[in-house]
Structures are given as structure tokens and as C-alpha cells.
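So the structure is just underneath, and the comments pick up after that.
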Amino acid sequence: MRKLKLLLINPVSQFRKGFLRSDITRYPPLAYGIVSALTPDNWDVELIDENYEDFEYQEADLVGLTGYTSSIYRAYQIAAIYKEKNIPVVIGGIHASMMPNEACNYADSVVVGEAESCWKDVISDFENSSMKKFYYGERLSLDNIPPIDYSIFNPNYMVSSTITTRGCPFDCEFCTVTAFNGNKYRMRPVGNVLDEIEKMPQDKFFFVDDNIIGYSRASKEHAAKVFQGIIDRGIKKYWWSQASLNFANEPELLKLAYDSGCRLIFIGVEAETVEGLDSTNKKLNAKIGTDKYNEAFNRIRHAGISVLGSFIFGLDSDGLQDIRNRARYIKSANVDCYQMGILTPMPGTKTFFRLEKEGRIKKNNYPEDWQYYSVEDITFEPAKIGADELMSEMRDVWYDLFSRKSITRKFLGTLRATKDVEASTWALATNMSYRNMAMDVFGEEKFDIESLIGPYKNMLGGDKK
């Protein structure tokens, strides 16, 4: 009997490629590896990944798509090609889950929420010619995540990925995590995570967790077991992830993280003022205190781990001087690399609902305008500064902090603080990637990151502590 074919397609926005532009900073789309693992053996599964290959039409029995908000328009374009040929299309992921009624206009079925609990129903209903319009995934125990199928991913990925937890106990106004994955912190079995890390062909990987250590005693113990397990199994790979600022207050976890290969951690700083934190409901940072930021950053750096600080511009508390002050703060702060994005009202967030109610969302010709929702463009009317003035300021901020001089100065500071070449070059590559993302907005020349990183690293004699 002929096997059925499931064609998975990873769409990439043709308008802005963003952070996925560089081999150093992009990683495999885990959702497809999970879906592939959940698909029964009477199916062949193939992935077209626009990170590495141009989309070309292929025959299939069923097509699966997902996408972030900025790439969902591209997903809809591809879906239309298959729907025209009467090939069923399923769309899932965070955007489709937040906007299911929109997504169902472009797909035969929409998976709302996490797919693990309902994918078997999608497949069964397809085989019985009885597909539903909507499938609703439950937030199950992460024991239900099967071993991720890494075989479907493009081998050109330099950085792999896996996940240890889902959910976040915090409720930042601009963030989609709580809406999609919930505020309960769910943890995967440690052995499953370690098995996947061992199977990865790459020597670098990303824990896609939104908060790798969480906030509770149980979540920190889980993180410690993962880190210790990597060490005990003799896995020699570098990794990075995301955490809250409380990571700096955990010296034992910091040491374990470093010893297990952590060389960069993403910290959602957002703002250096109480007013800015209040406008985003960033309570943990406010509790720690903005005057304690640099001390916290340095505790992480002195453990050998570089700090990627994320900052938001265009907050409702931001006037012209606030924008300039934030840029000056970033330049002097003890962060090694930085994401400087424009506040973006992602669908499903409290920010989106608030700005929509206030009539301040200006990029609302959906679905085409979803392409602008990538933190590089202004999609709404700011409260204290005009949109054009904000973009002009952002141009100045990006040109200044992403200049060769600024990036090199940060790189040397990272070397002094971390005393680790890998941490320093990873931070350097990240700054170069964000620079290219910003320059894409203005059509400016971009760094050839791979060719620039080598000389820096060779000059320093490789990885040494």
C-alpha cells in the first residue's frame, strides 16, 4: 500500500527575514520535528524549510504550515497554492492560535494551541475524510512530547535546538507566551532532553525555553538536573537560552550552566526605568531594581556567560528623551549584545487588545500588514512621540550601537568580563546579526558575519578560559 505524504513547510517572510538571516543565529523549527514524530508510520514526512531552500510546489496528500506573525502572510500565500489544487492544508502555531478565525480563511483546518494532544485526531480525520475546521490542543504534561525527529531538518543548520520547559509564571503585557503556553511552568523529563542533545549533529544548540530556570524551587532543581546531566554524560556542546534576571542570583546554577556549555543567555530587560517597566508589567525586574541591573549582569558575565539584553523602544512612557536615554544606557550597561526592538502589539497580547481598543494600531490591513510585526517596524501610534520621529530616532540608535566601533568595544568588554572566547564571539555574532536585521529596514549594507567571526576567533587562539 502506498504511503501517504505529509508535506511540512516552514515559511519565511519575504519582506523581512529578521534574526533568521544568519546561520549563526537561526535554529531548526522544533514544531515540525514534533509533528513529524507524532505522525504514524504509514506516512512519509518531508519538510521544505525556506530558511535554506526556495519553495517549489510538490505533490502531497496533506500540507502542514505554521508561522510567527511576521511570516504568517507567507504561510497563507503558500496555503493558497495547495488549496487551489484541492490539497488539504492544516495551519497551526502561535499566530493561528491567536487568530484562528483569520487562519481558517486560508486553511482547511486550524490547530489552536499545542499540537501534541490533537495531532493524532488530525491524521485520523484526514484518513477518514472527516477533517474538522478547528482542533483544540490541550496543555498537557510535557511527558507527552515525543523524541523530536531531527532527521527532517536541513543539515545546514549550525545551531540545533530542543526544549526543556513550557509556560511562564509572569504576565508581561507585550508577550504571547502566557496566552499560548499558559502561566504554569511545565517540565520535560530530563532524560528525554539529554537523549535529544546527544543525537544532535551540531556542536551548538538553543534551549527554546522562554525561561530556562523558571522562578520556583522545583523549576530551578529541574534546570540543575539538565545541566548536571549534560556534564555527567560528557556532552561537549555549547548552548544558549533565555532566562529572567533572577538567574544572576543563582551562583550554583550559573556555574552548572557554564560547565554544561552555556555561553550566552537572553535576558528580557525591556527598560531601565520604573516607568518603562510599569508600562510593560515587568514586575520581576522592578522588584530586583533598575539600580541593580549592572551588578546582576556582571554576576552572569563573571561566570563566563555573555548577556544578551533585550530592550523595547516606543513604550507608552517613552518620550523623545527617554528613547535617547535608553540608547545611552545600553551603550554603558554591562550587557554584551543587545536586541533593540520597537514595541510590537502581537495578536493575543494585552498590548494588542489595549492598542486596538484605543484605535492606535495603524498597520491593520491584514493579513498583508502582519509582515510588519517583527519589532523592526512601527505598527501603532506611539503615546508621546510621533511614529516618524520614533523611526528616525531608531535609525540613529541602530546606527550608533551597531557601528563597528560600538560592536568591537562591546566584544572587548565581553572578553574582559567573561574571560571566555566562545562567549565573546557568540555575543559578537549576535550583535552583527541584529545589526543586519536593523540595516535591512533601511536597505543598508550588511555584515558578512561568518567571514568576520573567523578572524576575531583566530586572533584570540580559539576557545580558552
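Oh and the sequence shown: position 307 is 1430 in our numbering, straight run, nothing missing.
Just so it is clear, CB atoms sit at the ideal spot from N, CA and C, and this is done for glycine as well.
Cβ contact check for the stretch 1361-1381 and the stretch 1434-1448: 3 or more pairs under 8 Å: Here the stretch 1361-1381 does not lie against the stretch 1434-1448, with fewer than 3 beta-carbon pairs under 8 Å apart.
message: Going residue by residue through the stretch 1299-1338, where are the continuous beta strand (DSSP E) segments of at least 3 residues, counting only ones entirely within it?
response: 1327-1330
- prompt: What first and last residue would you give for the alpha helix (DSSP H) that runs through L1513?
  reply: A1510 to L1524
query: By Cβ distance below 7 Å, which residues in the same chain neighbour R1356 in space, the five residues on each side in sequence not counted?
result: If you ignore the 5 residues before and after R1356, its C-beta comes within less than 7 Å of the C-beta of L1317 and E1321, all in its own chain and listed in chain order.
message: DSSP three-state label for V1135, please.
response: Here V1135 sits in coil by DSSP.
Buried or exposed by the 16-neighbour rule on C-beta atoms within 10 Å, applied to M1124: exposed
query: What are the start and end residues of each continuous alpha helix (DSSP H) run of 4 or more residues lying completely inside the stretch 1212-1236, in chain order?
result: 1217-1221 and 1223-1226
query: Helix, strand or coil: how does DSSP classify M1463 here?
result: strand
message: Using CA atoms only, rank isn't needed, just tell me which of K1480, I1423 and E1516 is closest to K1542.
response: That would be I1423, whose Cα lies nearest to the Cα of K1542.
query: With DSSP run on the structure shown, which of helix, strand or coil describes T1548?
result: Of the three classes helix, strand and coil, the one that applies to T1548 here is helix, per DSSP.
- request: Closer than 6 Å by C-beta to W1549: which residues in its own chain qualify, once you throw out the five before and the five after it? Chain order, please.
  value: Cβ neighbours of W1549 within its own chain (closer than 6 Å, five residues either side excluded): R1386 and L1387.
- request: On a CA-only basis, which of E1261, N1404 and D1500 is nearest E1516? Give me that one, please.
  value: D1500
- request: Since I believe T1502 is in contact with I1484 (beta carbons under 8 Å), could you give me their beta-carbon distance rounded to a whole number of angstroms?
  value: 6 Å
message: Quick check on Q1494: buried or exposed, where buried means 16 or more other Cβ atoms within 10 Å of its Cβ?
response: That one is buried.
Uninterrupted alpha helix (DSSP H) stretches inside the stretch 1142-1171 (no shorter than 4 residues): Whole alpha helix (DSSP H) segments, 4+ residues: 1153-1161.
query: Looking at the structure shown, is S1497 part of a helix, part of a strand, or coil, going by DSSP?
result: Looking at S1497 - three-state DSSP - the assignment turns out to be coil, as it is neither helix nor strand.
message: Determine whether the beta carbon atoms of E1393 and T1403 lie at a separation below 7 Å.
response: Contact check for E1393 against T1403 passes: the beta carbons are separated by less than 7 Å.
Distance, F1436 Cα to M1469 Cα: 15 Å
- request: Starting from L1431, follow the beta strand (DSSP E) in both directions and report where the run begins and ends.
  value: S1429 to F1436
message: Suppose contacts are defined by Cβ-Cβ distances below 7 Å. Is C1298 in contact with N1334 by that definition?
response: Inclusion of C1298 and N1334 in the CB contact set at 7 Å is not warranted, their separation being larger than that value.
task: Could you check the C-alpha separation between E1481 and N1487 for me, to the nearest Å?
output: If I take the Cα positions, the gap works out to 13 Å.
message: Quick check on F1178: does DSSP put it in helix, strand or coil?
response: coil
- request: Give the straight-line distance between the Cα atoms of S1556 and Y1522, rounded to the nearest whole angstrom.
  value: Straight through space, the alpha carbons of Y1522 and S1556 are spaced by roughly 14 Å.
message: Just to confirm my understanding: we take D1586, look at its own chain, exclude 5 residues before and 5 after, and list those with CB closer than 7 Å. What are they?
response: Only weak support is given to the placement of D1586: the predicted model assigns it a pLDDT of 46, under 50, and the question is left unresolved by the model.
- prompt: Would T1287 pass as a contact of F1328 if the rule is Cβ separation under 7 Å?
  reply: no
message: For a test of the three-state rule: what should DSSP assign to R1356, helix, strand or coil?
response: coil
- prompt: Smallest Cα separation from N1421: which of A1226, E1491 and V1458?
  reply: Looking from the CA of N1421, the closest CA among A1226, E1491 and V1458 belongs to V1458.
- prompt: Can you pull the DSSP bridge partners for K1128?
  reply: D1167
message: Among the candidates R1311, D1266, S1284 and K1128, whose CA atom is the shortest distance from the CA of S1342?
response: Selected option, being the one with the closest Cα: R1311.
Nearest neighbour of G1236, chosen from V1213, Y1180, S1247 and M1221 [CA to CA]: Minimum Cα distance to G1236 is reached at M1221.
query: Between which two residues does the beta strand (DSSP E) containing G1412 stretch?
result: Counting along the chain, G1412 falls outside any beta strand (DSSP E), and DSSP gives it neither H nor E.
- request: Might you give, ordered along the chain, the residues of its own chain that have their beta carbon closer than 6 Å to the beta carbon of S1159, omitting 5 neighbours on each side?
  value: Once the five neighbours on either side are set aside, the close Cβ partners of S1159 are V1168, D1272 and I1275.
For F1389, the three-state DSSP class (helix, strand or coil): Of the three classes helix, strand and coil, the one that applies to F1389 here is strand, per DSSP.
message: Does K1588 pass the burial test, meaning 16 or more other C-beta atoms within 10 Å, or should it be called exposed?
response: Residue confidence for K1588 is low, a pLDDT of 38 falling below 50, so the modelled location carries little weight; the figure read from the coordinates is stated next. Exposed: under 16 other Cβ atoms inside 10 Å.
query: Between A1506 and L1466, what straight-line distance do the alpha-carbon atoms span, to the nearest angstrom?
result: 12 Å
Buried versus exposed call for T1192 [16 or more other C-beta atoms within 10 Å across all chains shown]: buried
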